[in-house]
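Using my numbering, you'd call the opening residue of the sequence shown number 22 and step up by one each time.
Glycine included, every Cβ here is placed at the ideal spot set by N, Cα and C.
Source: prediction; values computed, not measured.
Notes to accompany the following structure.
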Amino acid sequence: MKFKEKLIRFMYGRNGMDKMTLILLWTGVILSVVNVFIRSIILTLLNYFLIGYCIFRMMSKNVWKRRNENERFMRFFNRIGGFFKLQKNKLRDRKTHVYRQCPSCHANLRLPKAKGVHTVKCPRCSFRFEVKGR
Numbered sequence: 022m023k024f025k026e027k028l029i030r031f032m033y034g035r036n037g038m039d040k041m042t043l044i045l046l047w048t049g050v051i052l053s054v055v056n057v058f059i060r061s062i063i064l065t066l067l068n069y070f071l072i073g074y075c076i077f078r079m080m081s082k083n084v085w086k087r088r089n090e091n092e093r094f095m096r097f098f099n100r101i102g103g104f105f106k107l108q109k110n111k112l113r114d115r116k117t118h119v120y121r122q123c124p125s126c127h128a129n130l131r132l133p134k135a136k137g138v139h140t141v142k143c144p145r146c147s148f149r150f151e152v153k154g155r
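So, in structure tokens, the structure goes:
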């Protein structure tokens with residue numbers, strides 16, 4: 022119990038583990054596994070840099086700055102993740118639904134597959150447009 026209390030006291034006021042640190046740490050672990058097979062000095066140095074940066078981020082007392090970095094990183098990472106999630110959903114729904122973009126606000130709309138021309142109302146901007154079914 023004493024060790025746990027000392028660790029809690031040591032980490033008080035420090036950034037600790039956030040999403041960016043966790044993703045960088047997992048990237049370092051994956052690079053380590055890849056480096057076992059490839060054995061590249063560049064991958065080794067990159068791996069040391071990533072793990073060192075993770076430790077720096079976790080031990081940093083400038084929580085405000087680390088939080089801003091994490092927020093910017095998550096905005097970028099969620100954009101990439103959203104693209105892959107959309108592709109996964111398109112693949113899953115390919116038999117029953119089609120995905121179209123609203124011409125006004127560019128929102129992705131999931132529409133049921135139907136033959137002929139249909140008028141669709143965007144739920145985000147209420148713009149009406151026609152969609153040709155297959």
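Give me the Cβ distance between residue 78 and residue 42, rounded to the nearest whole Å; I'm assuming they're in contact under 8 Å.
Residue 78 to residue 42, Cβ: 5 Å. Contact.
Which same chain residues end up closer than 7 Å to residue 65 when comparing Cβ atoms and leaving out the 5 residues on each side of it in sequence?
Hits under 7 Å: 56.
Below 8 Å CB to CB, which residues in the same chain sit around residue 71 once its five sequence neighbours on both sides are set aside?
Excluding positions up to five away in sequence, the list reads 45, 46, 48, 49, 52.
Residue ranges of each alpha helix (DSSP H) within the stretch 33-103, 4 or longer
The qualifying runs are 40-59, 62-80.
Less than 6 Å between C-beta atoms, sequence neighbours within five positions excluded: which residues of the same chain meet that for residue 146?
Counting only Cβ-Cβ distances below 6 Å, and skipping sequence neighbours, we find 125, 126.
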